[in-house]
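Novice: Numbered by the working numbering, the letters in the sequence shown go through residues 418 to 721 in order. Using N, Cα and C, we set each Cβ at its ideal position, and we do this for glycine too. Owing to the predicted nature of the structure, the values given are computational and were not obtained by experimental measurement.
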Amino acid sequence: RAGELQREYIPEEERSFTCIAFPVPEIGPVFPELFRETIRINTLDYMLYRRVQQNLIDVLDTADYCEIKGAGENRTDLKINLYKLADPANENCVADVNIPVGEVFTSPVLEGTEGLLHVSRAFLAGLEYKDLTISFENGMVREYDCRNFASHEENRRFIYENILARHETLPLGEFAIGTNTTAYVAARRLGVEAKLPVLIGEKMGPHFAVGDTCYSHSEEIKIYNPDGKEIVARSNAMADLRDTKPLEAYFNCHTDITIPYDELAELTAVRKDGSRIPVIKDGRFVLPGCEELNKAFDETSFGK
């Protein structure tokens, strides 16, 4: 209902937003360097990312689904079902209204989206989650757990209250490939992963949002990529209920959970004929045309 009220008084087609978060001195001794890095992260080459990310979109637009598998102790094993369309289904998110640059995202098809999402350590809305696991069946949260507390019941309650926002289940509203390797390297080097705002954190690896899609309450508004093609994957099976059961269509929450590159074994696009196109392998971008994204890794041991 809150979403309906906002839509009534603040129409999406009449507004936009741009937000940049800067560190404050209270963050500690790293403040001067983190401030400089924040400036660098927020002023990366728009056109470079637009070109590189178009290579990702061109592959995802031909894919039937994506497979994501964790590396080492990360147990992620996900299948993300994608829209099957000739026109772009993924948004080329550069730095027009979403700063900093660095993601390609879409609304997955819920049916057929399944598997386990696992992150060894996640910081969401100021809260830390240890060994966070969420399993999906037909795009809906089925089971969840973490290791913050001694008992299984306490861990589930923690997730239920803070990630599920007291809903019994939530859809997987967004699948994205974060491409801001510069932010990832800076965060790891300075040890500030827990203190970064979500608009930076979500760009530091593939991320998965539980809750509403990125186009909640604005599915009918036509939007376009920089190349002029319409972004068409703006809804899912839950949001499709907006005309008949509006109070069941939306959940009024959207929580991004990012798998850092160093916990990623592979992200592969799979076509209808079974052919496989590796996008990320062992934490590095291997899709032709995306080599520029690995340069940040070469500055450090992270990601190698």
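Relative to the alpha-carbon of residue 439, which residue among 617, 427 and 580 has its alpha-carbon at the smallest distance?
Specialist: If we check each option's Cα against that of residue 439, 617 comes out closest.
Novice: Are the segment 470-482 and the segment 531-546 touching, with three or more C-beta to C-beta distances below 8 angstroms?
Specialist: With the cut-off at 8 angstroms, the segment 470-482 and the segment 531-546 do not touch.
Novice: Pick out the complete alpha helix (DSSP H) segments inside the segment 548-617, 4 residues or longer, and give them in chain order.
Specialist: Fully enclosed alpha helix (DSSP H) runs of 4 or longer: 569-579 and 598-607.
Novice: Among the residues of its own chain, which have a CB less than 7 angstroms from the CB of residue 621, if the five just before and after it don't count?
Specialist: Closer than 7 angstroms at Cβ, skipping near neighbours: 595, 597, 600, 601, 604, 675 and 677.
Novice: Going by the DSSP bridge assignment, what does residue 530 pair with across the sheet?
Specialist: Paired residues: none, contrary to the question.
Novice: Reducing DSSP to helix, strand and coil, say where residue 627 ends up.
Specialist: Strand, per DSSP.
Novice: Keeping to the same chain, check which residues put their C-beta closer than 8 angstroms to that of residue 641; ignore five residues upstream and five downstream.
Specialist: 647 and 648, listed in sequence order.
Novice: I'd like the list of long-range same chain contacts for residue 457, defined as Cβ closer than 8 angstroms, with 5 residues on each side in sequence excluded.
Specialist: These residues qualify, in order along the chain: 599 and 603.
Novice: List the whole-angstrom C-beta distance separating residue 684 from residue 697, where the pair is believed to meet the contact cut-off of C-beta under 8 angstroms.
Specialist: Contact holds; Cβ gap of about 4 angstroms.
Novice: Check whether the segment 579-586 touches the segment 658-677, taking contact to mean three or more Cβ pairs, one atom from each stretch, closer than 8 angstroms.
Specialist: The answer is yes - the segment 658-677 touches the segment 579-586, with three or more Cβ pairs under 8 angstroms.
Novice: Using the beta-carbon count (16 or more within 10 Å), is residue 428 buried or exposed?
Specialist: So residue 428 ends up on the exposed side.
Novice: Among 708, 657, 650 and 589, which has the Cα closest to the Cα of residue 496?
Specialist: Among 708, 657, 650 and 589, the Cα nearest to that of residue 496 is on 589.
Novice: If contact is defined by three or more beta carbon pairs under 8 angstroms, each pair taking one atom from either stretch, is the segment 445-454 in contact with the segment 605-613?
Specialist: Segments in contact, yes.
Novice: What's the gap between the Cα of residue 527 and the Cα of residue 708?
Specialist: The alpha-carbon atoms of residue 527 and residue 708 are separated by roughly 31 angstroms.
Novice: Less than 9 angstroms between the C-beta atoms of residue 704 and residue 473, yes or no?
Specialist: Contact flag set, yes.
Novice: Tell me whether residue 464 is buried or exposed, calling it buried when 16 or more other Cβ atoms sit within 10 Å of its Cβ.
Specialist: Looking at its Cβ environment, which holds fewer than 16 other Cβ atoms inside 10 Å, residue 464 is exposed.
Novice: Let me check understanding here. Comparing Cα to Cα, which of 551, 634 and 447 lies closest to residue 492?
Specialist: The residue with the shortest Cα to Cα distance from residue 492 is 551.
Novice: Skipping 5 residues on each side, what residues in its chain have a beta carbon closer than 6 angstroms to that of residue 706?
Specialist: Here the set comprises 472.
Novice: Check for me: the alpha helix (DSSP H) holding residue 435 runs from which residue to which?
Specialist: Where residue 435 is concerned, there is no enclosing alpha helix (DSSP H), given that its DSSP letter is neither H nor E.
Novice: Measuring straight from C-alpha to C-alpha, what distance separates residue 418 and residue 656?
Specialist: When rounded, the distance between both Cα atoms is 14 angstroms.
Novice: Helix, strand or coil for residue 472, going by three-state DSSP, please let me know.
Specialist: It is helical.
Novice: Can you check whether the CB of residue 585 is closer than 9 angstroms to the CB of residue 630?
Specialist: Contact: no.
Novice: Please go through the same chain and pick out, in chain order, the residues whose beta-carbon is closer than 8 angstroms to the beta-carbon of residue 607, but skip the five residues on each side of it.
Specialist: 447, 450, 451 and 454, listed in sequence order.
Novice: With burial defined as no fewer than 16 other Cβ atoms inside 10 Å of the residue's Cβ, what is the status of residue 520: buried or exposed?
Specialist: The residue is buried, with at least 16 neighbouring Cβ atoms inside 10 Å.
Novice: Considering Cα atoms alone, identify which of 715, 537, 431 and 633 is closest to residue 488.
Specialist: Looking at the Cα atoms, 537 is the closest of the given residues.
Novice: Which residue spans inside the segment 618-690 form an unbroken beta strand (DSSP E) run of at least 3?
Specialist: Counting whole runs of 3 or more residues, the segment 618-690 contains the beta strand (DSSP E) stretches 623-628, 671-675 and 681-687.
Novice: If I measure Cβ to Cβ from residue 688 and keep anything under 8 angstroms in the same chain, skipping five residues before and after, which residues do I get?
Specialist: If we look at residue 688 and ignore the five residues flanking it on each side, its Cβ neighbours are 479, 480, 481 and 694.
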